[in-house]
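Presented below is the structure to which this report refers.
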Amino acid sequence: SPRTIAGLWKRVAVWEFLPVHELVQDCKKNNLQVDHIMDIEDDEDKRLALLNELLFDDVIDYYESKGYSARRMGGIQAALDFVREVERIDGMSLEDLKE
1274 SPRTIAGLWK
1284 RVAVWEFLPV
1294 HELVQDCKKN
1304 NLQVDHIMDI
1314 EDDEDKRLAL
1324 LNELLFDDVI
1334 DYYESKGYSA
1344 RRMGGIQAAL
1354 DFVREVERID
1364 GMSLEDLKE
């Protein structure tokens, strides 16, 4: 199914309520490596690490599908900054872009 920003945030909302074992299943379904995350002892830290993996992968897939070389960015913060900037530019009028 086509990736959308709205779809991404809906998936994030679902992930926030899933237990750790469900997040692990989602990561594995997306071929994400989780072995290093499972070594984390604190459950909340483990949860956040799994969420980061899923979010980063989803954002990257979205922008790769739009023709951007997003996989080269290398981190969740860079990907999120990229999302914000592209969304800002997409929302600009032709007059704004000329300035």
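Here the sequence shown stands for residues 1274 to 1372, where the numbers follow this note's numbering. For glycine and all other residues, C-beta sits at the position ideal for the given N, C-alpha and C. As the structure is a computational prediction, the values presented were derived from the model and not from experiment.
| Item | Value |
| --- | --- |
| Quick check on the DSSP output: the alpha helix (DSSP H) that includes A1286 runs from which residue to which? | 1278-1290 |
| Are there three or more Cβ pairs, one per stretch, closer than 8 Å when the region 1350-1367 is compared with the region 1297-1311? | no |
| Mind checking A1322: buried by the 16 CB within 10 Å criterion, or exposed? | buried |
| Report yes or no: is there a C-beta of chain C within less than 7 Å of the C-beta of E1358? | Although the question refers to chain C, the structure presented lacks it and comprises just one protein chain. |
| Secondary structure at L1305, three-state DSSP: helix, strand or coil? | coil |
| In whole angstroms, what separates the C-alpha of L1291 from that of G1340? | 31 Å |
| In terms of alpha-carbon separation, which member of D1354, A1279, R1345, V1293 lies closest to I1313? | V1293 |
| Quick one: grab the DSSP three-state call for E1317. | helix |
| Take R1284 as the anchor and find which of V1359, D1330, E1317, V1307 has the nearest alpha-carbon. | D1330 |
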